[in-house]
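Q:
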Amino acid sequence: SALEHMIQAATQAGFDMITPPEIATLFFNSSYALPSPSSSGFAEQVFTFQANVLKLQLQLERCFSDLAGSSGRPTIVVFDRGLMDGRAFMTDEMWKRGLDGLNRELTGGRPAGSINEEYMLQRYDGVVHLVTAADGAAEHYKYGVVTDDSGNAVYRRETPAEAVDQDRN
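For reference, each letter of the sequence shown is one residue, going 76 to 244 in this note's numbering.
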């Protein structure tokens with residue numbers, strides 16, 4: 076996979092490379108499952124799920140950045156997903172509620188309201204947006220409970236058409 080190549084290249088160039096787990100996959104691999112989209116309360120359950128992904132993502136980023144900084148060695152930390160990713164799965168109102176929740180719980184001594192989109196984007200030295208394989212290489216797109224190309228268990232709820240729609244919008 077591309078990640079394996081990046082790790083090998085970074086290591087050969089003298090860098091340590093840390094690749095924390097993707098939060099949604101961590102939840103799904105812990106036997107959590109979202110209910111059917113047709114079930115009552117589905118939207119609120121999606122919000123609760125995404126709000127918790129957002130909280131744990133910020134905590135995970137802080138922890139792994141701290142670990143990398145304490146190593147005394149040049150270290151690259153690559154997150155599969157970032158704080159802004161959840162926005163694709165939430166309405167504007169849900170997103171605002173999610174940010175409000177972060178600001179109540181995880182400001183870390185920062186002023187209230189300081190965790191916003193600008194703060195989120197400034198946390199990263201670089202962002203790479205990859206287009207879904209469902210758009211142009213659908214035969215390589217995997218969804219449901221599957222194993223990725225590295226042999227890791229992953230879960231993707233979106234059908235190929237839904238993945239393309241989310242990626243483009």
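Here a beta-carbon is modelled for each residue, glycine too, at the ideal position from N, C-alpha and C.
Since the structure is predicted, the reported quantities are computational estimates derived from the model, not experimental observations.
Is the CB of A213 under 8 Å away from at least one CB in chain D?
A: Of the chains in the structure shown, none is chain D; there is only one protein chain.
Q: Once DSSP output is grouped into helix, strand and coil, what is the label at G219?
A: Counting from one through the sequence shown, the residue named residue 219 turns up at place 144. Strand at G219.
Q: Taking three-plus beta-carbon pairs below 8 Å as touching, is the region 82-97 in contact with the region 198-218?
A: Result no; under three Cβ-Cβ pairs closer than 8 Å.
Q: Should L142 be labelled buried (16 or more other beta-carbon atoms within 10 Å of its own) or exposed?
A: Indexing the sequence shown from 1 puts residue 142 at position 67. Counting Cβ neighbours within 10 Å, L142 comes out exposed, since fewer than 16 surround it.
Q: Using alpha carbons as the reference points, say which of R231, V239, R243 and D240 lies closest to I98.
A: Here residue 98 refers to the residue found at position 23 when the sequence shown is read from its first residue. Of R231, V239, R243 and D240, the residue nearest in Cα terms is R231.
Q: Taking C-beta to C-beta, are V206 and D242 nearer than 8 Å?
A: As a working note, residue 206 is residue 131 in the sequence shown. As a working note, residue 242 is residue 167 in the sequence shown. Their beta carbons are under 8 Å apart, which means V206 touches D242 by this criterion.
Q: Mind checking whether G183 and L129 have CB atoms under 8 Å apart?
A: The residue labelled residue 183 in the question sits at position 108 within the sequence shown. The residue labelled residue 129 in the question sits at position 54 within the sequence shown. No, the Cβ-Cβ distance between G183 and L129 is not below 8 Å.
Q: Could you work out which residue in L101, D91, H80 and F90 is closest to N227 when comparing CA atoms only?
A: Within the sequence shown, residue 227 is the residue found at index 152, counting from 1. Nearest option by C-alpha distance: L101.
Q: Cβ-heavy atom distance between V203 and the ligand NAP below 7 Å?
A: As presented, the structure is devoid of all ligands, the ligand NAP included, so that no description of it is given.
Q: Measuring straight from C-alpha to C-alpha, what distance separates F117 and S146?
A: By 1-based counting over the sequence shown, the position of residue 117 is 42. By 1-based counting over the sequence shown, the position of residue 146 is 71. If I take the Cα positions, the gap works out to 43 Å.
Q: Relative to the C-alpha of I151, which candidate in M165, A236, G201 and E192 has its C-alpha closest?
A: Against the sequence shown, residue 151 aligns to sequence position 76. Comparing Cα positions, the closest option is G201.
Q: Go to I93, then tell me how far its beta strand (DSSP E) extends in each direction, as first and last residue.
A: Numbered from its first residue, the sequence shown carries residue 93 at position 18. Run containing I93: D91 to I93, per the beta strand (DSSP E) assignment.
Q: Would you mind reading off the limits of the beta strand (DSSP E) that contains R172?
A: Translated into the one-based positions of the sequence shown, residue 172 becomes position 97. Premise fails: R172 lies in the alpha helix (DSSP H), D167 to E180, not in any beta strand (DSSP E).
Q: Within the same chain, show all residues whose beta-carbon is closer than 8 Å to that of V221, passing over the 5 residues directly before and after it, in chain order.
A: For the purposes of this step, residue 221 is taken as the residue at position 146 of the sequence shown. Within the same chain, V221 has close Cβ partners A228, V229, Y230 and R231.
Q: Looking at the structure shown, is Y199 part of a helix, part of a strand, or coil, going by DSSP?
A: Position 124 of the sequence shown, counted from the start, is the residue given in the question as residue 199. In this structure, Y199 counts as coil in the three-state DSSP scheme.
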